[in-house]
Amino acid sequence: MDSSRATAIELQGVTKSFRTQSGRGTVVALDAVDLAVETGEIFGLVGESGSGKTTAGRLMVRLDRADEGVVRVAGADLNRLRGKGLRDFRRKVQMIFQDPYQSLNPYMSVSDTVGEPLIIAGELSPAERRQKVLQMLATVGLGPPEAFLRRYPHQLSGGQRQRVAIARAMVLDPEIMVADEPTSMLDASMAVQIYQLLASIQAGRAMTMVFITHSLAAAHYLCDRIAVIYRGVVVECGPAETVIFHPRHPYTRALMDALPRHGRPGAQRRYGTLRPEPRPGRFPGGCVFFDHCNRADPHRCAHRRPALRSMGDGVSAACFLAAPHRSRGM
Ligand SMILES: Nc1ncnc2c1ncn2[C@@H]1O[C@H](COP(=O)(O)OP(=O)(O)O)[C@@H](O)[C@H]1O
Ligand SMILES: [Mg+2]
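Mapping of the sequence shown onto the working numbering: residues 1 to 330, in sequence order.
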């Protein structure tokens, strides 16, 4: 990694489990995750539903705490933050959620929603606050901004609601933003507009952004680097272009195979790394992808968990069989 760029977010050996609904078992949402997000980049966290993306995002903004491991964000060790340090952290680090219906208070007008963080910060007069709110609404593409001030969430479209949530998250000019599948409730054309908005906001401020998505295509559109996560384990990480166009891990390859290609649903799979049927049995000590992997070595991959290892071109992959840069293995 380029050591001249400071690390904005670092996860080291982070594990987080939850009790299942029944209360009898536990789910390991994140399993010994190591990650580093550089200052000023857009970092994508990509994985299917249930892979642990939201859990990782919530740990980064300290809505939850890790069971084990270290989470360092904006220079602070989140296990130790309290008091003033925690209040400063809450200003600097913001999250945008999947569903703006749930994240916006239905009884608060747009003006109050976007202005509230300014009131809590307590630095501006009411007139200055109003100016700042109008400016934020314009920034997120809600215009004319005056027309939105007195509206309530139910009077807005899904896209407009997410723009209000973005304006609220941005109003204190955060250093770091975690956006958790911000377009999953929107249709495709609206989603593209939100991506464009996030990209332009980030570029204008050199803000660090973590973009959580289940879509490799969306990650490719927005991100500088990405990490692919599967069942709570980071299986591949590196520059978005390289990971997407030269995927090393069989799971990343399976994701690429699953992408629709120009309306040719029957088109031949390029990699074929996904087994048609999962392997029977349980392999808790092995690779997380072992039971679905078409390439796995039945001995090594069933019994040992591969660590992330450098492939030589900025990419790391957690696979015993992944071949380094330029060789044509696997
Ligand atoms: N608060 C919670 N209580 C119980 N289980 C949870 C909780 N949050 C997440 N999980 C479980 O942890 C796993 C990862 O969830 P999550 O981080 O939400 O994944 P993703 O965002 O990738 O869909 C899932 O199995 C999910 O059911
Ligand atoms: Mg999620």
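Here a beta-carbon is modelled for each residue, glycine too, at the ideal position from N, C-alpha and C. Just so you know, these numbers come straight off a predicted model, no measurement behind them.
- Secondary structure of S310 (DSSP, three-state): strand.
- Contact check for V61 against V192 fails: the beta carbons are separated by 8 Å or more.
- Bounds of the beta strand (DSSP E) holding D34 are T26 to E38.
- Scanning the region 142-229 for uninterrupted beta strand (DSSP E) segments of 3 residues or longer gives 176-180 and 208-213, listed from N- to C-terminal end.
- For the alpha helix (DSSP H) assignment, the uninterrupted runs of no fewer than 4 residues enclosed by the region 85-133 are, from N- to C-terminal side, 100-103 and 110-121.
- Per DSSP, F245 is not a residue of any beta strand (DSSP E); the alpha helix (DSSP H) it occupies stretches across A240 to F245.
- Using a C-beta cut-off of 8 Å, the region 66-74 makes no contact with the region 97-105, since fewer than three inter-stretch Cβ pairs fall below that distance.
- Shown here, C301 sits in a helix according to DSSP, grouped into three states.
- The region 155-165 and the region 117-135 do not touch, with fewer than three beta-carbon pairs separated by less than 8 Å.
- Note on geometry: alpha-carbon atoms of Q160 and G44 lie some 23 Å from one another.
- Between V315 and L216, the alpha-carbon positions lie close to 16 Å from each other.
- The beta carbon of A307 sits closer than 7 Å to those of A318, all from its chain and outside the five residues before and after it, given in chain order.
- The beta carbon of V28 lies closer than 6 Å to those of S17 and G232 in the same chain, with the five residues before and after it left out.
- Judged by DSSP secondary structure, T7 falls within the beta strand (DSSP E) whose first and last residues are T7 to R19.
- Spatial neighbours of V140 in its own chain (CB-CB distance under 7 Å, excluding positions within 5 residues in sequence) are listed in chain order as R163, I166, A167 and L197.
- Bridge pairing for F290: absent [DSSP].
- As a beta-bridge residue in DSSP terms, V70 pairs with Q12.
- The criterion of a C-beta distance shorter than 8 Å is not satisfied by H214 and E236.
- Membership of G57 in the alpha helix (DSSP H) is indicated by the continuous run K53 to M60.
- A distance criterion of 7 Å places the beta-carbon of F18 in contact range of ligand 1, judged by its closest non-hydrogen atom.
- Bridge partners of L274 according to DSSP: C293.
- DSSP places D77 in the strand class (E or B) of the three-state scheme.
- According to DSSP, residue pairing for G44 in a beta bridge involves F211 and I226.
- Residue environment analysis places P278 among the exposed positions, since fewer than 16 neighbouring C-beta atoms fall within 10 angstroms of its C-beta.
- Cβ atoms of T39 and T208 come within 8 Å of each other, at about 5 Å.
- Counting of Cβ neighbours within 10 angstroms places H299 among the exposed residues, the total staying below 16.
- Taken atom to atom, the span from the alpha-carbon of I42 to that of C223 is near 5 Å.
- Taking C-beta atoms as the reference points, R275 and D257 fail to come closer than 8 Å.
- For A254, the enclosing alpha helix (DSSP H) starts and ends at P250 to A258.
- Distances between the C-beta of T54 and the heavy atoms of ligand 2 include at least one below 7 Å.
- When only Cα atoms are considered, G204 and L78 end up about 27 Å apart.
- Here D31 is buried, its C-beta having at least 16 other C-beta atoms within 10 Å.
- Beta-bridge analysis with DSSP links A317 to E236 and R309.
- Sixteen is the threshold: since fewer than 16 other Cβ atoms of the shown chains lie within 10 Å of the Cβ of E123, the residue is exposed.
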